[in-house]
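Numbering (our numbering), first residue to last: 1 to 309.
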């Protein structure tokens, strides 16, 4: 067991990010009762830019850059992220040292008026912050009006309650972690809304050179969650996945087998291609490569070219 006297966790200051950091702080304090574990709250560019969607202002890296700088400068030893917000390629000198056990990765339907998407009438307004969810809505509910919504969980819910939207589609994991279970009217099945790569999982990032933290944090890693998220992220990486690309990838381990599903599409038109595969759960990246090959055979590259212009 690797001991350390003190470590500092860098985190965004949104309520959900703080919950995640406090959770890891508690895990570390219980594992290493004699060590100090402190938090360093930070505001990122992604938190500051609220008038435009992520796809238009730079994507996932907006939520992690400042935390990485803090680690580079020795102000923090690790950073806790929602894994779905972590870019597919980390900057040189950083590593994803652990992926914790996953919360429910599915999307949630939130509405004061309706019990599910199926109940919503033509023209009803649904808010979402992701192109992937926008694609899902265009594919399955073309009669609904899809609108962008930015801000943290609380901000989005306040906009909903103020009547700016009739419903929201959000990650169920964030609502559950913030004990907002009562706001969830229904869970959207993965068959209808395939989750984003890494959705529901926490990623722990460190500087590669910090061997003490590498050893100290290894116990947090959940092998099945890591294998699934690695496969999902491999699909996204191969297809240039970012906030500018409507892409979904979701893997589960059933016994000794991994079931990997992926989808890529055009959120403007609702056109999409899907693929799925089953194989040994220890060979996730190889399964991902075969899924990507199948998606490309179905025309994924042409779809992405149309999306990205």
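Every residue gets a Cβ at the ideal spot worked out from N, C-alpha and C, and that includes glycine.
Exercise. Distance, Cα to Cα, residue 297 vs residue 259?
Worked result: 20 Å
For this session: Pull up the distance between the alpha-carbon of residue 224 and that of residue 93, whole angstroms please.
Result: 25 Å
Problem set entry | Chain-order list of residues whose beta-carbon lies under 7 Å from that of residue 183 (same chain, five-residue window excluded) | 110, 157, 175
Exercise. Using 8 Å as the limit for Cβ to Cβ distance, is residue 24 near chain B?
Worked result: Although the question refers to chain B, the structure presented lacks it and comprises just one protein chain.
For this session: Report the option in 150, 107, 165, 20 whose CA atom is closest to the CA atom of residue 124.
Result: 165
Exercise. Are residue 311 and residue 80 close, meaning C-beta to C-beta below 8 Å?
Worked result: What the structure shows of the chain is the stretch from 1 to 309, and residue 311 is not part of that stretch, so it cannot be assessed.
Exercise. If we ignore side chains and look at the alpha-carbon of each, how far apart do residue 54 and residue 285 end up?
Worked result: Note that residue 54 scores a pLDDT of 47, beneath 50, so its modelled location is shaky; the value from the coordinates is reported in the next line. Each residue's Cα considered, the two are about 27 Å apart.
For this session: Would you kindly check if the distance between the Cβ of residue 126 and the Cβ of residue 144 is under 8 Å?
Result: Closer than 8 Å, so yes.
Exercise. Under 8 Å between the Cβ atoms of residue 220 and residue 98?
Worked result: yes
Problem set entry | Identity of the residues DSSP links to residue 99 by a beta bridge | 203
Exercise. CA-CA distance, residue 129 and residue 150?
Worked result: 6 Å
Exercise. Alpha helix (DSSP H) containing residue 384: first to last residue?
Worked result: Look at the range of the chain in this structure, 1 to 309, and you will see that residue 384 is not part of it.
For this session: Would you grab the beta carbon distance between residue 13 and residue 41 for me? Rounded to a whole angstrom, and I think it's under 8 Å.
Result: 4 Å
Exercise. Which residue's Cα is closest to the Cα of residue 43: 27, 17, 29?
Worked result: 17
For this session: Say whether the stretch 131-147 touches the stretch 234-253, bearing in mind that this needs 3 or more beta-carbon pairs closer than 8 Å, one atom from each stretch.
Result: yes
Problem set entry | Minimum length 3: unbroken beta strand (DSSP E) runs contained in the stretch 173-228 | For the stretch 173-228, whole beta strand (DSSP E) runs of length 3 or above, ordered along the chain, are 186-188, 202-207.
Exercise. On the three-state DSSP scale, how would you describe residue 164?
Worked result: coil
Exercise. Which class does residue 43 belong to by DSSP, given the choice of helix, strand or coil?
Worked result: coil
Exercise. Per DSSP, what kind of secondary structure is residue 265 in: helix, strand or coil?
Worked result: strand
Problem set entry | Counterpart residues of residue 250 in DSSP-defined beta bridges | 261
For this session: Just the C-alpha distance for residue 138 and residue 104, rounded to the nearest angstrom, thanks.
Result: 24 Å
Exercise. I think residue 234 touches residue 288, with their Cβ atoms under 8 Å apart; what is that distance to the nearest whole Å?
Worked result: Correct: roughly 4 Å between the Cβ atoms.
Exercise. In whole angstroms, what separates the C-alpha of residue 264 from that of residue 6?
Worked result: 44 Å
For this session: To the nearest angstrom, report how far apart residue 186 and residue 281 are at their CA atoms.
Result: 30 Å
Exercise. DSSP on residue 37, reduced to helix/strand/coil?
Worked result: Per DSSP, reduced to three states, the secondary structure at residue 37 is strand.
Problem set entry | Same chain only: Cβ atoms within 7 Å of residue 115, ignoring 5 sequence neighbours per side | These residues qualify, in order along the chain: 185, 186.
Exercise. With a CB to CB cut of under 6 Å and the five nearest residues on each side skipped, what residues in its chain are close to residue 107?
Worked result: 169, 188, 193
Exercise. Going by the beta-carbon positions, is the gap between residue 199 and residue 167 smaller than 8 Å?
Worked result: no
For this session: Kindly indicate which three-state DSSP category residue 107 falls into: helix, strand or coil?
Result: strand
Exercise. Hey, residue 9 and residue 76: beta-carbon distance below 8 Å or not?
Worked result: yes
Exercise. Hey, quick one: how far does the beta strand (DSSP E) through residue 6 stretch, first residue to last?
Worked result: 6-12 is the extent of the beta strand (DSSP E) around residue 6.
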